[in-house]
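Written below as structure tokens is the structure these notes are about.
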Amino acid sequence: MTTSRTRFTAPQRLLHWLMAICILSMLFIGVGMVSTVTTKYLTLVQIHKPLGIAILLLAIVRLALRFIYGAPALPPDLPEPVKLAAWSSMVLFYLLMIAMPLIGWAMLSAASYPVVLFGGVHLPPIAPVSPALHTLLWNAHKYLAFAFFATILMHIAAILTHKLIRNDGIFETMAPTFGKSETK
Amino acid sequence: MVESPASRKSLPLGRLVLIAAVVAAGAIGFAYTAGWLSPHRLTPKKLVAGLAPPGGPAPGHRRNHAKGICFTGTFEANGDGSALSKARVFERGRYPVVGRFNLATADPNAKDAMVRVRGLGIRITTPGGQEWRSAMIDAPVFPVSTPKDFYELLTASGSKDPNAMKNFIGAHPGFLAFAGWAKSAPWTSSYAEERYNSLDSFLFVDEAGAKHAIRWSLMPSALPVPISPDDLAKRGPDYLEQEITQRVAGSAQRWDLVITVANPGDPTADPNKAWPADRRTVNVGTLIVEQIEPERDGPCRDINFDPAVLPEGITTSDDPFPAARSAAYSRSYNSRTAEEAAYPRTETGAKQ
Ligand code: HEM
Ligand code: HEM
Ligand code: HEM
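Chains as they are written, first to last, in the working numbering: chain A, 39 to 222; chain B, 234 to 585.
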């Protein structure tokens with residue numbers, strides 16, 4: 039799935055940064071809302087659900103783009119274990135971007151809550167009402183969210199290492215170009 | 234590329250520190266947002282833990298209003314609510330209801346005559362899948378004005394310090410309005426004879442988008458027959474559940490759903506303050522309780538009567554309680570569903 043391009047395509051880069059903002063927001067909103075009893079609680083919950091579903095839709099588009107356009111090759115001098123780490127974190131990200139929203143949606147279904155996105159717009163249940171299933175999904179949503187955040191921190195540390203220590207061009211594959219020409 | 238990686242032999246310490254700082258800042262920001270660095274923040278966890286009796290909560294049961302019984306029935310809307318709210322539930326028609334009569338105690342085995350406050354949880358579903366959930370009590374005002382005060386009340390009433398309640402009341406004189414009711418209002422011997430009040434205010438949004446601050450109450454058709462707590466105690470610890478089961482088996486029980494509309498300036502943010510008695514009221518329909526079912530196998534057990542689950546046409550107001558309650562009820566629900574093994578349905582219990 040690699041390509042001869044030296045950068046991700048513009049739509050891939052746009053989605054990467056847009057989703058990075060959305061996902062980081064979701065993680066902070068998530069832990070913030072479950073730790074407050076102020077009116078912020080309802081506001082945050084009302085953002086959490088539609089934004090989570092938006093991430094699910096964007097992740098599907100992003101996965102499709104990844105299959106169509108692939109990714110630029112990693113530098114050939116990159117050690118095999120590092121390549122493996124890059125590949126596994128990429129797979130983990132895609133899994134989480136798709137699984138987290140589905141788990142959240144199923145968790146609400148299993149608890150017999152209506153899954154309201156905004157106003158009168160709501161989603162149908164995707165799981166039967168079941169205390170046991172709700173507990174399983176609730177734990178999964180929580181601990182996978184922490185795993186998600188930890189992986190993001192590692193991803194950021196890795197990318198900054200590539201940029202600031204090795205300066206091997208990996209950062210540039212995803213860097214925004216702000217109108218600069220693609221062939222530069 | 235400016236430099237080849239190979240030209241960089243010694244480790245650039247400053248840059249490593251920068252990377253570590255970025256990661257650490259992210260982790261600390263996350264921990265702060267999650268409240269892990271602020272032990273004084275009033276979290277749902279703390280608020281719900283405050284409800285627990287000295288021996289700890291009853292596993293598998295609601296953390297408050299733990300004793301209760303399920304019902305099913307119908308809400309019959311007369312159409313008059315549509316002038317105030319565009320919610321489907323006010324359009325003339327019949328909508329299915331699941332609900333729960335309950336006692337305001339953390340002990341699922343409490344004796345009926347020991348519990349002053351009675352409650353009712355309700356879920357009305359309209360075509361299209363929208364829901365209106367509510368949990369109401371028979372007291373005319375809530376004991377306190379804010380969720381933080383409620384936590385302080387729980388702390389004071391659970392405290393070993395003999396002056397704790399006195400000090401609390403000194404600092405929160407509004408409590409006396411509730412205490413006066415608790416002391417002097419007559420008790421009844423039936424869930425069917427109680428009036429249940431939302432206490433919290435909400436906003437009804439009409440077709441034109443105008444918002445009306447309101448509260449609501451369920452007014453019983455059954456006439457209240459006063460009984461002393463002593464006489465109630467003589468009828469047995471679970472008399473209320475036996476009585477409502479028999480009564481509803483005999484005939485369906487009815488309540489009028491009455492909306493009270495606030496005047497400008499009324500205390501909409503404070504369920505500890507009643508609104509003047511002359512406020513406009515609108516009778517919007519009838520709750521008909523048709524069947525009683527034990528909680529253990531009943532349809533209400535695994536429902537959270539979260540007061541913030543509202544249909545399009547009803548929203549929260551400046552009252553801070555629905556948000557705090559929603560957060561706390563969710564915490565309680567998560568705990569009790571995770572403890573399902575401690576409160577199995579009789580069906581599965583029998584099969585084992
Ligand atoms: C919520 C946070 C983030 C997520 C979920 C995420 C996810 C991903 C994924 C899945 C890839 C693989 C390429 C693809 O198929 O799209 C990737 C690549 C990349 N990301 Fe992120 N990212 C996040 C945040 C960041 C941040 C904050 C930076 C910058 C410091 C960054 C820089 C990069 C770079 C430079 C690449 C290209 C190198 C590679 O393919 O590994 N990302 N990211
Ligand atoms: C990328 C998507 C998502 C991420 C990263 C995410 C993240 C989180 C996090 C970090 C928490 C707090 C966990 C805790 O500390 O207990 C949380 C809680 C929650 N999330 Fe999500 N979430 C996502 C999608 C969704 C979706 C789509 C829904 C529902 C439609 C949802 C519903 C919830 C609910 C109801 C809670 C509160 C759980 C509780 O009762 O404790 N989430 N989420
Ligand atoms: C901050 C204040 C409050 C807290 C922390 C609180 C806490 C709780 C909790 C933890 C439950 C159990 C929820 C569940 O597991 O499903 C509950 C149930 C209930 N609460 Fe509250 N509550 C508060 C205020 C109120 C108010 C203002 C009312 C009435 C106007 C009320 C009426 C009820 C009723 C009727 C139930 C039982 C609902 C059912 O049958 O499931 N509560 N409360």
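Beta carbons are placed, not taken as given, at the ideal position from N, Cα and C, and that holds for glycine.
Distance between beta carbons of residue 334/B and residue 317/B, contact taken as under 8 Å = Counting from one through the second sequence, the residue named residue 317/B turns up at place 84. Counting from one through the second sequence, the residue named residue 334/B turns up at place 101. 27 Å between Cβ atoms; not a contact.
Which whole-angstrom value describes the C-beta separation of residue 82/A and residue 183/A, a residue pair presumed to lie in contact below a C-beta threshold of 8 Å?
-> Within the first sequence, residue 82/A is the residue found at index 44, counting from 1. Within the first sequence, residue 183/A is the residue found at index 145, counting from 1. Wrong, their Cβ atoms sit about 14 Å apart, outside the cutoff.
Indicate the three-state DSSP secondary structure (helix, strand or coil) for residue 116/A in the structure shown.
-> Counting from 1 along the first sequence, the entry for residue 116/A is found at position 78. The answer is coil: DSSP assigns residue 116/A none of H, G, I, E or B.
Under three-state DSSP, which class holds residue 235/B?
-> Taking the first residue of the second sequence as 1, we reach residue 235/B at position 2. In this prediction, residue 235/B has a pLDDT of 44, which is less than 50 and means its spatial position is unreliable; what the coordinates show is noted afterwards. Taken through DSSP and simplified to helix, strand or coil, residue 235/B comes out as coil.
Return yes when at least one heavy atom of ligand 2 lies under 7 Å from the C-beta of residue 461/B, else no.
-> Translated into positions along the second sequence, residue 461/B becomes position 228. No, the beta carbon of residue 461/B sits no closer than 7 Å to any heavy atom of ligand 2.
Answer with yes or no whether the minimum CB distance from residue 440/B to chain A is below 8 Å.
-> If you number the second sequence from 1, residue 440/B lands on position 207. No, its Cβ sits nowhere closer than 8 Å to a Cβ of chain A.
Pick helix, strand or coil for residue 545/B, following the three-state DSSP scheme.
-> Walking along the second sequence from the start, residue 545/B turns up at place 312. Three-state DSSP puts residue 545/B in coil, outside helix and strand.
Is DSSP giving residue 444/B helix, strand or coil here?
-> Stepping through the second sequence from its first residue, residue 444/B is reached at position 211. Here residue 444/B sits in strand by DSSP.
Residue from 319/B, 552/B, 523/B with nearest C-alpha to residue 479/B = By 1-based counting over the second sequence, the position of residue 479/B is 246. Selected option, being the one with the closest Cα: 523/B.
Chain B residues whose Cβ lies nearer than 8 Å to that of residue 158/A | Working through the first sequence from its first residue, we reach residue 158/A at position 120. Going along chain B in sequence order, the residues near residue 158/A (Cβ under 8 Å) are 361, 363, 544, 545.
Closest to residue 563/B by CA distance: which of 391/B, 320/B, 573/B, 541/B is it?
-> Within the second sequence, residue 563/B is the residue found at index 330, counting from 1. Ranking the options by Cα distance to residue 563/B, first place goes to 541/B.
Distance CB(residue 340/B)-CB(residue 299/B) smaller than 8 Å = If you number the second sequence from 1, residue 340/B lands on position 107. If you number the second sequence from 1, residue 299/B lands on position 66. Taking 8 Å as the Cβ cut-off, residue 340/B and residue 299/B qualify as a contacting pair.
For residue 559/B, which residues from the same chain have a beta carbon less than 7 Å from its beta carbon, with the 5 sequence-adjacent residues on both sides left out?
-> Sequence index remark: in the second sequence, residue 559/B carries index 326 (1-based). Answer for residue 559/B: 539, 540, 541, listed in chain order.
Please list the partners that residue 79/A has in chain B, where partner means a Cβ-to-Cβ separation under 7 Å.
-> In the first sequence, the residue the question calls residue 79/A occupies position 41. The contacting residues are 556, 559, 560.
Near residue 499/B, what residues of its chain come up, given a Cβ to Cβ distance below 6 Å and the 5 sequence neighbours on each side ignored?
-> Along the second sequence, read from residue 1 onward, the residue named residue 499/B stands at position 266. Cβ neighbours of residue 499/B beyond the five flanking positions: 508.
Can you say whether residue 235/B is buried or exposed, counting buried as having 16 or more other CB atoms within 10 angstroms of its CB?
-> The residue given as residue 235/B occupies position 2 in the second sequence. Unreliable positioning characterises residue 235/B in this predicted model, as indicated by a pLDDT of 44, which lies under 50. The coordinate reading is nonetheless provided below. Flag for residue 235/B reads exposed.
Residue-chain proximity (residue 566/B, chain A), Cβ-Cβ < 8 Å = As a position in the second sequence, residue 566/B is number 333, starting the count at 1. Answer yes: the Cβ-Cβ gap between residue 566/B and chain A drops below 8 Å somewhere.
Grab me the residues of residue 118/A's own chain with a C-beta within less than 7 Å of its C-beta, minus the 5 sequence neighbours each way, in chain order.
-> Working through the first sequence from its first residue, we reach residue 118/A at position 80. So no residue of the chain qualifies.
DSSP-derived helix/strand/coil call for residue 155/A = Here the question's residue 155/A lines up with position 117 in the first sequence. In the structure shown, residue 155/A sits in a strand (DSSP, three-state: E or B).
Output the residue ranges of the alpha helix (DSSP H) runs that lie fully inside the segment 375-426 of chain B and measure 4 residues or longer, sorted by chain position.
-> 380-390, 397-404, 408-417
Contact with chain B by residue 151/A, beta-carbon distance below 8 Å | Numbered from its first residue, the first sequence carries residue 151/A at position 113. Closer than 8 Å to some Cβ of chain B, the Cβ of residue 151/A qualifies, so yes.
Host beta strand (DSSP E) of residue 518/B (start-end) = Taking the second sequence and counting its residues from 1, the one referred to as residue 518/B is at position 285. That run of the beta strand (DSSP E) goes 514-526.
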